[in-house]
Amino acid sequence: MDQSALQIIQIILFVVVGFALPALGMILLAWVLQLALGYHRPNTIKNQPYECGMKPFQEALVQFDIRYYLYALLFILFDIEVIFIIPWLLATDNIPRILLGENFNSVISTANSGTLLSLKMIGPIEIGIFLVILTTGLAYAWKKGALEWEQ
Numbered sequence: 024m025d026q027s028a029l030q031i032i033q034i035i036l037f038v039v040v041g042f043a044l045p046a047l048g049m050i051l052l053a054w055v056l057q058l059a060l061g062y063h064r065p066n067t068i069k070n071q072p073y074e075c076g077m078k079p080f081q082e083a084l085v086q087f088d089i090r091y092y093l094y095a096l097l098f099i100l101f102d103i104e105v106i107f108i109i110p111w112l113l114a115t116d117n118i119p120r121i122l123l124g125e126n127f128n129s130v131i132s133t134a135n136s137g138t139l140l141s142l143k144m145i146g147p148i149e150i151g152i153f154l155v156i157l158t159t160g161l162a163y164a165w166k167k168g169a170l171e172w173e174q
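Sequential numbering of the sequence shown, starting at 24, is according to the working numbering.
Structural data, given as structure tokens:
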């Protein structure tokens, strides 16, 4: 067996023995202690679903309208869009500095204006593509009627 493959196997065994087995042991210990020392007095009231302190009006397994899920998915999609856009907006002044790091001043002093312009345009081009894709997704959802509640 190759030396690097043997080292990889040793690392995997170290992770399994060092992390997974103790975690599994703690989970099993907590479960056994809960069974042995836990406070058990089952009754019918404890097995009923809780609904704001009142008796339930209907069965607990009520199906939700699919439109709630659709709105949740659209919210997550556009919420993540904001999560990606806000840091970009905060860093737009530093895009060439972020890309070049320590060499920023030397590149700026030796670069012609065309090179500097292209470095400054990388971020806006990328975010523009990102926004076009998300706007296309919003237009598609709108056209399909995903945002209309009454159908």
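Idealized CB from N, CA, C, for every residue including glycine.
Just so it is clear, the structure is predicted and the values come from calculations on it, not from any experiment.
If you follow the alpha helix (DSSP H) that residue i is in, where does it begin and where does it stop?
i, result
"L44", "L44 to L60"
"I68", "Looking at the DSSP string, I68 is not in any alpha helix (DSSP H), and its letter there is neither H nor E."
"V38", "Q26 to V38"
Note down the Cα distance separating residue i from residue j, rounded to an integer number of angstroms.
i, j, result
"I150", "L93", "26 Å"
"G48", "F42", "10 Å"
"Q57", "I109", "46 Å"
"D25", "V40", "23 Å"
Report the option in the options whose CA atom is closest to the CA atom of residue i.
i, options, result
"A162", "A46, I106 and F101", "F101"
"I99", "K167, N66, A28 and G160", "G160"
"K167", "W111, R90, R64 and I148", "R90"
"L97", "A164, D88, L113 and L29", "A164"
Using 7 Å as the cut-off, classify the Cβ of residue i as near or not near the heavy atoms of the ligand ADP, replying yes or no.
i, result
"F107", "As far as ligands go, the structure on display features none, and thus does not contain the ligand ADP."
If I measure Cβ to Cβ from residue i and keep anything under 6 Å in the same chain, skipping five residues before and after, which residues do I get?
i, result
"L157", "E104"
Once you ignore the five residues that flank residue i on each side, which residues in its own chain have a CB closer than 8 Å to its CB?
i, result
"K69", "none"
"I34", "none"
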